Amino acid sequence: MSYKELYEGWKTDPEGFWMQAAQAISWDKPPSKALFDDDAPYYEWFADARVNTCYNAVDRHVEEGRGEQTAIIYDSPITHTKREISYVELRNRVASLAGALRTKGVEKGDTVIIYMPMVPEALEAMLACARIGAVHSVVFGGFAANELAVRIDDAKPKAIIAASCGLEPNRVVHYKPLLDGAIELAEHKPEFCVIFQREQDVAQLVEGRDVNWHGFQYGVEPAECVPVEGNHPAYILYTSGTTGQPKGVVRHTAGQLVALNWTMKNIYNVDPGDVFWAASDVGWVVGHSYICYAPLIAGNTTIVFEGKPIGTPDAGTFWRVISEHKVKSFFTAPTAFRAVKREDPTGEFVKKYDLSNLGQVYLAGERADPDTILWAQEHLDVPVVDHWWQTETGWSIAANPLGIEELPTKLGSPAVPMPGYEVDILDEGGHPVANGELGAIAIKLPLPPGTLPGLWNAPERFQSSYLNAFPGYYETGDAGMKDDDGYLYIMARTDDVINVAGHRLSTGGMEEVLAGHPDVAECAVIGVTDQLKGQMPVGFLCLNANTTRDHSEVVSEVVKLVREKIGPVAAFKLAVVVDRLPKTRSGKILRGTMVHIADGTAYKAPATIDDPAILDEIKTALQTIGYAAE
């Protein structure tokens, strides 16, 4: 079946489409129907089913005779550690941890916060919660104490599972003092904390509250899987940058199982037993969907990687992992590839490894500029798929579905909407615009299974954040357009569409031009306030590691390029070279914060920022071109 036939089949009979997809899941009680819409626009999927996520991700593979297959490969270039965990070993470890949690009083419906680095135990903690029907909330390891405290007060966990530390290439991040500080700040207090001690930092336990990961599991009866309702929350995930008012995305159990399982073959083109690697972190949605749940539900081998794209030890670490573990599908952020490309523009490291097992590469998280895709295509010689989705959706809104059909690649486009998503481009009044015109990207309700049914304890915020702008639609917050073939182009966040003398322009379109310059490794464009034109674009350029040319030459060349490719209407005259761009830990560039710095307005560095010191560097760079006054 072609993509077009499949998509039209879904549109004609969405109920039948999702009920068929649901047959791949092992149910304790199958759903009577797919969509429950009695409380629209609050939709639920497979709500009357009974099912267990951990059973589908672990136990059923053991029962089907594949217990000796590797479930998790742990590869940590930082600790020089590699190990494999089979499905049967994973089941035993998870059942033991779940049993220990249960003996300490954690039951179905209780919440548990997980505060851990990229170690297999982080996945085991998530699966142990799912096994007994507890709702987990993974908080990015190393998050500041006050940010963790905000999440503790919102989620009200009965228990917190944490590691003693996380490891960066040149330092140990001590988690335990951050955890202790957060509990002290929070009004809500967990009943107990489970501490996974790492040899790099054995933490002091608080008597009466903290228990040792290994010690408290000793002699405990393993827990069986507890069936839960289809609309039982699987987890809460706080979106990046939330301060004060937490924004906890909720994921329902049954919809997640059906949707994620469907994606593994149809989008990522992997079969049971294939090795799938998402180079992300369990603190982000990619870590939930594609490090932990989807690969295991589909019977793949998933990789838990504790390292960086460069510096652990070099720009070849991705290719070493892919070669060594025979990865078939690889998923990472464009920013990771840009870091590798900056260190190794001619792909010398790629040539050192046998990548014959690699079938395809997927990019998401930031807009994938054409130059990065072309670099990856040239050096890896496999399809490179830019696909688009959000924390809220949990899986791809738009992609090139290689498991169904390989569609032609159009640079700058994440291809076409997936079944379940009817995407429209709307003007400010909520009316569809013509193909090729820029507008707000919105998705017709209901959203498909596996997407957010709401926010944790915040129905009004869910309504105002996503549903009010365009009645009958989910507002994505992204701006873009469609072409005549139905391909989507995600040009910028709605906030990043700038108005230059009455012309609405996409900063993403300008970034595409800048990134095409041979000396530019990475870039960002923001709109700064201008008294005459309303807003003016300013470009930030990170140059390739081997560039020795005068910076002013590169700047004048990119200004000329934008004038040639977008036109004088862009009024692009200012660009500045910087060593690095401010980003979240998942690689998203903090354009909004940069705008505040340039305009001299008050701002707060987002909690997820990778390194706050970069903001001072950006301010200094802006001052050289007359912005960001003291």
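For the sequence shown, the numbering used here gives the first residue as 716, with consecutive numbering after it.
The beta carbon of each residue, even a glycine, is placed where N, CA and C say it ideally should be.
This one's a predicted model, so the numbers in the text were calculated from it and none came from an experiment.
- Under the three-state reduction of DSSP output, LYS797 falls in the strand class.
- One thing to note: THR826 has its Cβ no nearer than 7 Å to the Cβ of VAL964.
- Look at GLY1231 here: in three-state DSSP terms it is coil, with no helix or strand label.
- Rounded to whole angstroms, the gap between the alpha carbons of ALA974 and GLU779 is 22 Å.
- Following the DSSP letters along the chain, one finds ASP774 in no beta strand (DSSP E), marked with neither H nor E.
- Taking every protein chain shown into account, the CB of MET831 has 16 or more other CB atoms within 10 angstroms, so this residue is buried.
- The residues ILE876, VAL926 and TRP928, in chain order, have a CB closer than 6 Å to that of VAL909 in the same chain once the five nearest residues on each side in sequence are set aside.
- In this structure SER1179 is exposed. Its beta-carbon is surrounded by fewer than 16 other beta-carbon atoms within 10 angstroms.
- Here GLY1080 is not near SER879, since their CB atoms are 7 Å or more apart.
- By the neighbour-count criterion, in which a residue is buried when 16 or more other Cβ atoms sit within 10 angstroms of its Cβ, TYR933 is exposed.
- Per the coordinates, the alpha-carbon of ILE829 lies some 28 Å from the alpha-carbon of ILE1037.
- At a cut-off of 3 residues, the continuous stretches assigned as beta strand (DSSP E) that sit fully inside the stretch 1002 to 1060 are 1016 to 1020 and 1042 to 1047.
- With contacts defined as CB atoms closer than 7 Å, GLY970 and PRO835 fail to qualify as a contacting pair.
- According to the DSSP secondary-structure assignment, ASN927 is paired through a beta bridge with ILE910.
- Between PRO1116 and VAL1215, the alpha-carbon positions lie close to 37 Å from each other.
- In the DSSP assignment, ASP1193 falls within the beta strand (DSSP E) that extends over 1188 to 1197.
- Distance from the CA atom of MET716 to the CA atom of ILE1119, rounded to whole angstroms, is 7 Å.
- Residue pairing by DSSP places TRP1103 opposite ALA1113 in a beta bridge.
- Contact between the stretch 766 to 785 and the stretch 1014 to 1034 is established, with three or more Cβ pairs separated by less than 8 Å.
- Using a Cβ-Cβ distance cut-off of 8 Å, the stretch 1055 to 1065 and the stretch 1273 to 1282 are not in contact, since fewer than three pairs of beta carbons, one from each stretch, lie closer than that value.
- Under the DSSP assignment, ALA949 falls in the beta strand (DSSP E) whose first and last residues are 948 to 953.
- Positions of the beta strand (DSSP E) runs, each at least 3 residues long and wholly inside the stretch 1225 to 1308, are given as 1235 to 1245, 1249 to 1258 and 1289 to 1292 in order along the chain.
- Listed in chain order, the beta strand (DSSP E) runs fully inside the stretch 836 to 895 are 850 to 853, 874 to 878, 880 to 883 and 886 to 889, counting runs of at least 3 residues.
- When the Cα atoms are used, THR796 and GLU1175 turn out to be separated by approximately 47 Å.
- Membership of HIS1094 in the alpha helix (DSSP H) is indicated by the continuous run 1085 to 1095.
- Bounds of the alpha helix (DSSP H) holding LEU805 are 802 to 818.
- Apart from sequence neighbours up to five positions away, the residues of its chain that approach ALA1336 with a beta-carbon distance below 6 Å are VAL1291 and VAL1293, ordered along the chain.
- At a Cβ-Cβ threshold of 7 Å, ALA739 and ASN981 do not count as neighbours.
- Of the residues assessed, GLN919 falls on the exposed side of the cut-off, its CB having fewer than 16 other CB atoms within 10 angstroms.
- It is roughly 8 Å from the alpha-carbon of LEU1162 to the alpha-carbon of TYR758.
- Where ARG1176 is concerned, the enclosing alpha helix (DSSP H) starts and stops at 1174 to 1177.
- For SER791, same chain residues with a beta-carbon under 6 Å away, outside a window of 5 residues either side, are GLU1021 in chain order.
- Shown here, MET1206 sits in a strand according to DSSP, grouped into three states.
- In the DSSP assignment, GLN735 falls within the alpha helix (DSSP H) that extends over 729 to 736.
- Residue environment for LYS962: buried (at least 16 other C-beta atoms within 10 angstroms of its C-beta).
- DSSP places ALA969 in the uninterrupted alpha helix (DSSP H) bounded by 968 to 981.
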